[in-house]
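Visitor:
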Ligand code: PBG
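Written out as structure tokens, the structure reads:
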């Protein structure tokens with residue numbers, strides 16, 4: 208007499224209706240945020256070759272993108288500026304006429320409260336050396352001098368109408384510095400999204416083309432070491448202590464363990480950024496015919512969601528929101 212398996216996990220996998228009913232995780236458009244590159248001085252979108260399907264947009268195209276995002280029902284857009292000129296201290300970041308501040312104003316006007324307008328608060332798009340902060344005389348990135356500029360950038364972005372500031376520079380004390388400056392100016396409602404566990408990553412490669420930034424040296428003195436998990440959790444806890452409203456892990460796919468640990472201990476919402484290289488890997492592999500594009504995209508996003516991200520920044524936000532609306536399975 209054969210001993211039959213007592214436990215049969217396959218029972219719940221036997222047909223699509225059951226699988227759909229017992230799925231633990233799914234995604235909603237509201238959980239997706241679209242990163243958007245706005246370039247100064249162009250009048251038509253310019254494709255980014257390393258990121259097939261993604262373009263730099265002219266300022267005049269921002270309102271239309273906001274309409275598309277609102278129609279798709281996504282949670283927000285994250286704006287990045289690509290300035291025409293750069294200098295040592297990133298002046299374009301703090302000037303009200305700077306491309307990012309103008310893009311934020313345009314987006315906030317067009318959004319009219321239908322979705323959140325978020326802005327990347329960092330200097331690397333605005334400095335000629337490409338670092339996320341200003342440099343000391345010895346060429347190192349000067350943490351505390353940078354904090355003063357971040358505080359001014361926070362005010363400029365808040366004045367322009369940004370609802371959420373994504374603090375991505377990885378300077379110590381950046382959350383407290385921005386919160387203090389914002390509160391003193393009466394911007395108590397501006398939300399701080401801390402890119403807390405931001406790793407020094409090769410997966411930001413295509414982003415460099417997207418923002419036309421060339422970096423002298425590397426970011427290893429301020430972004431985290433890929434070997435370290437505990438340090439990522441620690442960074443999130445420090446940022447929460449300093450007043451972060453939301454914390455983020457970035458990149459997402461290679462750091463799902465960190466994401467899960469941060470999600471387990473965080474007292475505030477936890478997000479993840481599926482970065483340019485994660486996007487490019489799937490697009491280029493799919494174009495080469497080696498993976499099923501849509502299933503790979505869906506699976507990558509479900510993995511990030513399963514690890515604990517409540518919202519995800521992804522360059523596929525509009526497309527995936529459409530799939531969800533159409534009732535398509537994600538993986
Ligand atoms: C900093 C910033 C970067 C990204 C988002 N914000 C670049 C970096 O820190 O090197 C990368 C995002 C991506 O690769 O998609 N301004």
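In the working numbering, the protein residues as written are 208 to 538. Cβ coordinates follow ideal geometry from the N, Cα and C atoms, glycine included.
(1) So what does residue 323 bridge to, in DSSP terms?
(2) Here's a check: name, in chain order, each residue in its chain whose Cβ is nearer than 6 Å to the Cβ of residue 422, leaving out the five neighbours to either side.
(3) Confirm, please, whether the CB-CB distance from residue 459 to residue 475 is below 8 Å.
(4) Just how far apart, CA to CA, sit residue 445 and residue 454?
(5) Taking the alpha helix (DSSP H) that residue 298 belongs to, which residues open and close that run?
(6) Return yes when the Cβ of residue 467 is within less than 8 Å of the Cβ of residue 514, no when it is not.
(7) Rounded to whole angstroms, what is the Cα-Cα separation between residue 307 and residue 285?
(8) Evaluate the contact criterion for the stretch 288-296 versus the stretch 519-535: three or more CB pairs, one atom per stretch, below 8 Å.
(9) With respect to 7 Å, is the separation between the Cβ of residue 293 and the closest non-hydrogen atom of ligand 1 below this value?
(10) Does the stretch 369-387 touch the stretch 352-361, meaning 3 or more C-beta pairs lie closer than 8 Å?
(11) Going by the beta-carbon positions, is the gap between residue 327 and residue 340 smaller than 8 Å?
(12) DSSP has residue 522 in a bridge; who is on the other side?
(13) Just checking residue 311 against ligand 1 - is the residue's beta carbon closer than 7 Å to any of the ligand's heavy atoms?
(14) Using three-state DSSP, classify residue 334 as helix, strand or coil.
(15) Under the three-state reduction of DSSP, which class applies to residue 394: helix, strand or coil?
Guide: Quick look at the numbers:
(1) 283
(2) 337
(3) no
(4) 10 Å
(5) 298-301
(6) yes
(7) 11 Å
(8) no
(9) no
(10) yes
(11) no
(12) Paired residue(s): none; residue 522 is not in a bridge.
(13) no
(14) strand
(15) coil
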